[in-house]
Amino acid sequence: MTHHTERPCAAPGLTSYRYGSIMIGANSTRGALVQADRSLTYGAASIARLEIWNAQSGLYEKVQP
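Printed below as a string of structure tokens:
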């Protein structure tokens with residue numbers, strides 16, 4: 054069985070994103086960054102650390118700026 058951070062966890066209708074170990078369901082990359090920022094205890098969220106679920110490969114991939 055895979056760890057929950059290795060598979061999509063977003064509710065239906067949302068896209069699965071991952072920011073480190075933070076799992077996010079959002080409508081857009083911008084929305085995912087806002088949610089990641091809310092979850093951080095220090096600093097601002099950066100697109101460089103954001104990953105998006107690719108259903109074709111079954112893996113999270115870096116978000117392209």
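Just add 53 to wherever you are in the sequence shown, counting from 1, and you've got the numbering used here. Glycine included, every Cβ here is placed at the ideal spot set by N, Cα and C. Bear in mind that the values here come from a model prediction, so they are computed numbers and not experimental data.
For Leu103, same chain residues with a beta-carbon under 8 angstroms away, outside a window of 5 residues either side, are Tyr70, Arg71, Tyr72, Thr82, Ala85, Leu86, Ala89, Lys115, Val116 in chain order. Contact annotation: Ala79 and Leu93 have beta-carbon atoms that are not nearer than 8 angstroms.
Gly111 carries a coil assignment under DSSP once its states are collapsed to helix, strand and coil. Excluding residues up to 5 positions away in sequence, Cys62 lie with their Cβ nearer than 6 angstroms to the Cβ of Met76 in the same chain. Distance from Tyr113 to Trp106 at the Cβ level is roughly 6 angstroms; contact confirmed, criterion being Cβ atoms closer than 8 angstroms.
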